[in-house]
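Down below is the structure, laid out as structure tokens.
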Amino acid sequence: MSSNSPKLALYYFDACPYCQRVLAQVAELKVEVELCNTFITQEHAAKLYRDTGRTTVPCLYIDNKPMHEPKDIIKWLNANVEQLTKIS
Ligand SMILES: N[C@@H](CCC(=O)N[C@@H](CS)C(=O)NCC(=O)O)C(=O)O
């Protein structure tokens with residue numbers, strides 16, 4: 061991980077079709093993203109609610125700053141792919 065790559069964490073649950081679109085783009089771009097399932101892990105749902113006032117997913121944390129809206133998340137990933145850590 062190069063020092064200036066932002067740390068990414070995706071808050072999601074499997075039954076959400078918007079989350080599946082974002083997960084597909086993450087796989088397509090081969091970028092490293094911590095996956096936080098809010099359905100399976102209560103603490104992930106609690107953090108999301110604490111930080112954003114809602115439990116809506118997908119939510120991408122970029123250096124711990126939350127971003128909602130699947131379209132915006134995918135746009136940001138595509139626009140910043142060069143500086144993101146790739147999975148080998
Ligand atoms: N436009 C929505 C799309 C996301 C959305 O509707 N997510 C649903 C699951 S498919 C959700 O999180 N519902 C539960 C909740 O809002 O707490 C957004 O704000 O990002």
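Under our numbering, think of the first position of the sequence shown as 61, with each following residue one higher.
The beta-carbon is built from N, C-alpha and C at its ideal position, and this holds for glycine as well.
Every value quoted in this text rests on a predicted model; they were computed, and no experiment measured them.
Put simply, the backbone Cα of C119 is about 21 Å away from that of E142. Using a cutoff of 8 Å, the CB of P118 counts as near ligand 1, since one of the ligand's heavy atoms is closer than that.
Here the alpha carbons of G113 and N64 stand approximately 29 Å from one another. DSSP places E103 in the uninterrupted alpha helix (DSSP H) bounded by 102–112. C-alpha of Y109 to C-alpha of A69: approximately 15 Å in a straight line. It is roughly 7 Å from the alpha-carbon of I133 to the alpha-carbon of V82. Excluding residues up to 5 positions away in sequence, Y71, Y72, F73, H104, A105, L108, T115, V117 lie with their Cβ nearer than 8 Å to the Cβ of T98 in the same chain.
Residue burial annotation: P77 is exposed, with fewer than 16 other C-beta atoms found within 10 angstroms of its C-beta.
Under the three-state reduction of DSSP, K131 is assigned to helix.
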